[in-house]
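K.L.:
Residue numbers (our numbering), protein chains in the order written: chain A, 563 to 840; chain B, 563 to 840.
(1) Output the distance between the C-alpha atoms of residue 833 of chain B and residue 631 of chain B, rounded to the nearest integer angstrom.
(2) Across which residues does DSSP place residue 759 of chain B in a beta bridge pair?
(3) Counting only Cβ-Cβ distances shorter than 8 Å, please list the residues of the region 624–639 of chain A near chain B, keeping chain order.
(4) Classify residue 823 of chain B as buried or exposed, calling it buried when 16 or more other Cβ atoms lie within 10 Å of its own Cβ.
(5) How about residue 785 of chain A: is its C-beta nearer than 8 Å to some C-beta of chain B?
(6) Compute the Euclidean distance between the alpha carbons of residue 589 of chain B and residue 682 of chain B, then round it to the nearest angstrom.
(7) Which residues of chain B have a Cβ atom closer than 7 Å to the Cβ of residue 572 of chain A, listed in chain order?
(8) Say whether the region 646–658 of chain A touches the region 594–605 of chain A, bearing in mind that this needs 3 or more beta-carbon pairs closer than 8 Å, one atom from each stretch.
(9) As a quick exercise: from B:662, B:609, B:827, B:741, pick the residue whose alpha carbon is nearest that of residue 692 of chain B.
(10) For residue 805 of chain B, does the count of other Cβ atoms within 10 angstroms reach 16, so buried, or fall short, so exposed?
(11) Between the Cα of residue 743 of chain B and those of B:616, B:635, B:725, spot the shortest distance and give me the residue it belongs to.
(12) Is residue 792 of chain A near residue 734 of chain A, with beta carbons less than 8 Å apart?
(13) Would residue 642 of chain A and residue 705 of chain A qualify as a contact pair, given that the criterion is a beta-carbon distance under 8 Å?
(14) Among the residues of its own chain, which have a CB less than 8 Å from the CB of residue 663 of chain A, if the five just before and after it don't count?
(15) Tell me, to the nearest whole angstrom, how far the beta carbon of residue 633 of chain B is from that of residue 686 of chain B; I am working on the premise that it is less than 8 Å.
(16) Tell whether a beta-carbon distance below 8 Å holds between residue 821 of chain A and residue 571 of chain B.
(17) Name the chain B residues that come within less than 8 Å of residue 513 of chain A, Cβ to Cβ?
(18) Need the endpoints of the beta strand (DSSP E) that residue 811 of chain A sits in, please.
(19) Closer than 8 Å by C-beta to residue 809 of chain A: which residues in its own chain qualify, once you throw out the five before and the five after it? Chain order, please.
(20) Examine chain A for any beta-carbon lying closer than 8 Å to the beta-carbon of residue 816 of chain B, and answer yes or no.
(21) Mind checking which residues open and close the beta strand (DSSP E) that includes residue 842 of chain A?
(22) For the beta strand (DSSP E) containing residue 607 of chain A, list its first residue and its last residue.
(23) What residue from A:611, A:667, A:837 has the CA that sits closest to residue 708 of chain A's CA?
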């Protein structure tokens, strides 16, 4: 695991690492924010952040404005890339498929099957690697994400509730089986059989697995240019049906981007810090 | 003046405009953050932020994490680009000259003289344009900047103290006449005659014009990879000599980038808000 960037920030460090991923069959990058306590070796709770389409391990670190409060709360932030990378990786024909668009699932179809294993990468390989290399408190790990990464956060939380103790999302793709982004990605990565998709669809997972968390926090802008892809009302219906407490906040005038995320990031960090200390 | 981007942010708006600049002889962009009060038409104090080499009107808006506190304080932030742009503009042979490197002065030498008039653009043309188009309180405008933009903030403050009531900087180029970046830029833009340079050198200006502000705030990282270009000790000596109060904070481990700026931006916004309300 090679450290390729390191910047002091709020008495902590923003760091970027490159390492060889067996799951992705290639070099992968992630970044991590270590508050002062973690730099000093003290074990801290951690939150994974899964980014959206076209993003990288840098996006959240630069644009979300999370470090100030993470430093105050003593939270470690783990920021993976959004797909496998490299010369041998299938690229896709557009910005919403292939590179930058891993959808946090394990592909079963050619040509994606070889490298596109973002689910196992995040929830197993990277998960245990950061637990080993950084002072993270076992059992106190949360997950959040944005858009495609909001889908990733919700689905990985419902698939691995023993690994993630808290979950939140910004403008998540709640029902990828029922929107153009998800239908395109799942057809390519998982094949035409729609019943296979449901294991990777937050709304379907919540309906089948039931309530798993004391609360889920979701923020959604009402001026979101991709609102038709996101279906927050289906998430709300699924949560109501199974008795899962959902705090869904819909914000007038806010759009899909990081100016929206930065406006509410503090609430998400406070939410995770509280849930992780329960 | 055409609005080309607009994002809701902390109940205010982050906006980008494109307009024709007579000074720059071409289209120019700037961005502006309007807190909720300003959106509602209430006059607010404003701070200009001048960015460093290679940056644009977007850099501070994305990377400095200033909007949260600007919203709380009711501060407008004005973020110009760092040079003229466009097909007919002389480009320079490297990242520290020409495009992205206007140095906030008016060039007198070919081929720069036609477009490179960033001093007049910022301190006159844009200054009065934003006063006219946005609810900014006259007499309550401050200026800050980073690196090349720290040089810009200090020199424009000392050249136009009637226009800027408060001034601060992050890792400013304090004595451009005495460092490689400044010597290169000034030789190209102003010619070989070094005595001409002194009117655009913060240390020389402070020595000749004396104390003009109740206090100047400067933050400097001690792990700054460009420390040898910056000469904060010459700024300190000049301020001491003329009785100008300078709060120069030197921070161990912090480097030259925006992870450093975001760590201390709140202090600068508080500083300007306090000075502008005096």
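For every residue, glycine included, the Cβ atom is placed at its ideal position computed from N, Cα and C. Since this is a predicted model, take the numbers as computed values, not measurements.
P.N.:
On the basis of the data shown:
(1) For residue 833 of chain B and residue 631 of chain B, the distance between alpha carbons rounds to 12 Å.
(2) Its beta-bridge partners do not exist; DSSP assigns none.
(3) Only those residues of the region 624–639 of chain A whose C-beta falls short of 8 Å from the nearest C-beta of chain B are listed: 624, 625, 627, 629, 630.
(4) Residue 823 of chain B should be labelled buried.
(5) So, interface residue.
(6) So the alpha carbons of these two residues sit roughly 15 Å apart.
(7) Residues of chain B passing the Cβ test: 825.
(8) Contact fails: fewer than three Cβ-Cβ distances are below 8 Å.
(9) The shortest CA-to-CA distance from residue 692 of chain B to any of B:662, B:609, B:827, B:741 is the one to B:609.
(10) Counting other Cβ atoms within 10 Å of its Cβ, residue 805 of chain B stays below 16 and is therefore classed as exposed.
(11) With distances taken between Cα atoms, residue 743 of chain B lies closest to B:616.
(12) The answer is yes: Cβ separation under 8 Å.
(13) Not in contact: residue 642 of chain A and residue 705 of chain A (Cβ atoms no closer than 8 Å).
(14) Taken in chain order, the residues that qualify are 615, 616, 644, 645, 654, 657, 710, 747.
(15) Contact doesn't hold; Cβ gap of about 29 Å is too wide.
(16) A contact, by the Cβ cut-off of 8 Å.
(17) Residue numbering for chain A in the displayed model covers 563 to 840; residue 513 of chain A lies beyond these limits and cannot be assessed.
(18) Start and end: 808–813.
(19) Here the set comprises 777, 778, 779, 780.
(20) Yes, residue 816 of chain B lies at the interface with chain A (some Cβ there is under 8 Å from its Cβ).
(21) Since the first and last residues shown for chain A are 563 and 840, residue 842 of chain A lies out of range.
(22) Boundaries of the beta strand (DSSP E) around residue 607 of chain A: 606–612.
(23) Nearest of A:611, A:667, A:837 to residue 708 of chain A, Cα basis: A:611.
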